[in-house]
Every structure is written in structure tokens, then in C-alpha cells.
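Peer 1:
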Amino acid sequence: MNSIEDWLNRPGGLTERLRATRRAAGLTGTQLARDLGWPQSKVSKIETGKQMPADEDIGGWAEACRASEAVAAELVTLLAEAQALHQEWRQQVRLGQVGIQRNYDELARRAAVIRNAEVVYVPGLLQTAAYARCRIAEGTRLHGANPEEIDDATAERMRRQQVLYDTSKRFEFVITEAALRLLLCPRDVMLAQLDRLLSVTGLTHISFGIIPFGVELTTTPQNGFILFDDDLAVVETFTGETMHHGDEAAAYARAMASLADEAVTGEEARRLITATIEDLREATPNP
12 MNSIEDWLNR PGGLTERLRA TRRAAGLTGT QLARDLGWPQ SKVSKIETGK
62 QMPADEDIGG WAEACRASEA VAAELVTLLA EAQALHQEWR QQVRLGQVGI
112 QRNYDELARR AAVIRNAEVV YVPGLLQTAA YARCRIAEGT RLHGANPEEI
162 DDATAERMRR QQVLYDTSKR FEFVITEAAL RLLLCPRDVM LAQLDRLLSV
212 TGLTHISFGI IPFGVELTTT PQNGFILFDD DLAVVETFTG ETMHHGDEAA
262 AYARAMASLA DEAVTGEEAR RLITATIEDL REATPNP
């Protein structure tokens, strides 16, 4: 699984060279942003790999920092490599849904502890085949991927769920009540998915919590993410995946712990799921 952000932040990578160029010029991020007419946040995002710079951004950066021709050429080359890698990832998405699922398989196989927080989706490891197919089909449409791979990618995701029965591993899932109630699939598919979640609450090596509506939160669940052990956090966005290590992964671990503290588990979680099932059945038109 490629991460553009990881590649940008690698030792000797584009972000490191950009920071070095700015510092060699004796400029702070705020000063550079002012010279370029940018918001300061843009400099920060580029230097941390959160934003892919454009060609003109690199040219302006080199000029504002009075970089030598050799340094400017190096920055242009690093940017071109990053752009090519990003295009390669997009091509992988368009042509390789099964491959992406297999990459997640490998991460799940190696990890001893898997923690997953989701705001609007049911976590992949807990999805029914029909629900998973809806999610994968949505991603296929969004990225213009090969629709012929939907069934195979769904089957691969289902095979990954075998790790749930490895009792040497520990799993922790936290979702918001919105993930129960948003209809991101046909009603019958969602009803089956909710029933599946009921069965999960009885597995002893799996912690499953739901953050109910109406709870005052100390941490905002901004997006879904998966933590593999303590050293890798994976966040999926509309345009790709970002992978976070070290201090950034630790920040996601802290967010996970905070969200878990706000969630209800056990019988309270079962009551929320059961109430959602009843509401959905009542709202389903009679055939």
C-alpha cells in the first residue's frame, strides 16, 4: 500500500529538502508564507506532506529562498517523482481494487492489536458481504476503477475477516451512532448488517463501542482511521490513503482512547443496535 505522504516525508524526500531550503535562507514558515502571499497553513501542510505542492509552488519557494540552481533543480525533480507516484497510486485504485484489499490483509495479518474508529461506516472487518460490496462499489465509482473487480475485491475483504477469530489478536472498534443510522445501502442490506453487529458484541477478544447521539464529546470524530499496533495509523480520504507513524500515529492512538471512553459497550450497545433495527423496520414500506 503506497502512501504519497510517507514518500514525501521519507529521509531526503521533498518535504525535508524544502524545510532545509527555507532554513538555509533564514526564514520561518510565517515569513516564507508572507513573501509568497500564502496563508501560513499552506507552508505547514507542504512541509509535512499534507499537501502536494504545484510546480509553481516549488518555483516560488526556491526563488523566495534564493536557492541555487542546483537546489532548485533538485526540488523540481523530487516534485516530479512525487507527482508520478501519486499518479501511479490513482492508477492502482482504478485498476487494482483487489490489490488494495490484499495490502490491508497483510497489515491485519501482521498486527497483534487492531483498533478502528469510524464515523459513518461500519468497520471493514465487521461488514457483511452485501454491505462491503456497496462500499467497494462506491469507491469504484468515485475513482473510475474497474467495476469487474468489485466481486473479487469484496471476496478478498471477506477473507480478511478470518483474523477476527485469531484469539491471539486484540480488536477494538468504535463507531458513532450515525454509522448505524445512515442508509448507505439498501434497507435489507442494512438490517442484515445491524444483525451482524449484534453477534460481534458477544466475542470476548473484541471490544465494540458506539458513541450515541446526544453525548458531549471531548474529542471530535473527524474521520475514520485504523491503527495497526502502536506504530501505524491509516486514514482513507476521497483521493487516497495517508499513513502516519511515530508521533502522528500516537496522536491517533490518543484520539482512539478518548473516543472509546465516550462509547457505550455491551448491553447498552446492543440496545442501540436493536433500537435502530426496530426503527428501520418500522420505516420500511410493506411489500
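Offset between the sequence shown (1-based) and the working numbering: plus 11.
Built from N, CA and C at the ideal position, the CB exists for glycine as well.
What you are looking at is a predicted structure, and each value in this text was computed from that prediction instead of being measured.
Between the region 189-199 and the region 237-252, do at least 3 Cβ pairs fall closer than 8 Å?
Peer 2: Taking 8 Å as the limit for Cβ pairs, the verdict is that the region 237-252 does not touch the region 189-199.
Peer 1: Measuring only the C-alpha atoms, how far is L106 from E67?
Peer 2: Any reading at L106 must be qualified, since the residue scores a pLDDT of 49, below 50, and its modelled position is unreliable; the value itself is stated next. Cα to Cα, the separation comes out at about 30 Å.
Peer 1: Between which residues of its own chain and Y142 is the CB-CB distance below 7 Å, once the five residues before and five after are set aside?
Peer 2: The residues are V133, C196, V200, Q204.
Peer 1: Measuring CB to CB, does Q108 end up less than 7 Å from A31?
Peer 2: Not in contact: Q108 and A31 (Cβ atoms no closer than 7 Å).
Peer 1: How is the alpha helix (DSSP H) around V133 delimited, first residue to last?
Peer 2: Counting along the chain, V133 falls outside any alpha helix (DSSP H), and DSSP gives it neither H nor E.
Peer 1: What's the C-alpha gap between L25 and E159?
Peer 2: Spanning the two alpha carbons is a distance of roughly 37 Å.
Peer 1: State buried or exposed for Q112, treating a residue as buried only when at least 16 other CB atoms are found within 10 Å of its CB.
Peer 2: Per the 10 Å Cβ criterion, buried.
Peer 1: Along the chain, which unbroken stretches of the alpha helix (DSSP H) at least 4 residues long are found entirely within the region 137-201?
Peer 2: Within the region 137-201, the complete alpha helix (DSSP H) runs of at least 4 residues are 140-154, 161-171, 188-192.
Peer 1: Between which two residues does the beta strand (DSSP E) carrying S218 extend?
Peer 2: Its beta strand (DSSP E) spans residues 217-222.
Peer 1: Is K180 near A123, with beta carbons less than 7 Å apart?
Peer 2: Yes, they are a contact pair.
Peer 1: Cα-Cα, which of Q51, R144, E183, G155 is closest to E167?
Peer 2: For E167, the nearest C-alpha among the options comes from R144.
Peer 1: Have a look at W18, G71, M63 and flag the residue whose alpha-carbon is nearest the alpha-carbon of L43.
Peer 2: Among W18, G71, M63, the Cα nearest to that of L43 belongs to G71.
Peer 1: Quick one: grab the DSSP three-state call for E227.
Peer 2: Correct three-state label for E227: coil.
Peer 1: Restricting to Cα atoms, I'd like to know which of P50, G40, G135, I221 is closest to E58.
Peer 2: For the residues P50, G40, G135, I221, the minimum Cα distance to E58 belongs to G40.
Peer 1: Looking only at its own chain, which residues have a Cβ that is under 8 Å from the Cβ of V130, when we skip the five neighbours before and after it?
Peer 2: Once the five neighbours on either side are set aside, the close Cβ partners of V130 are I186, T187, A189, A190, P232, Q233, N234, G235.
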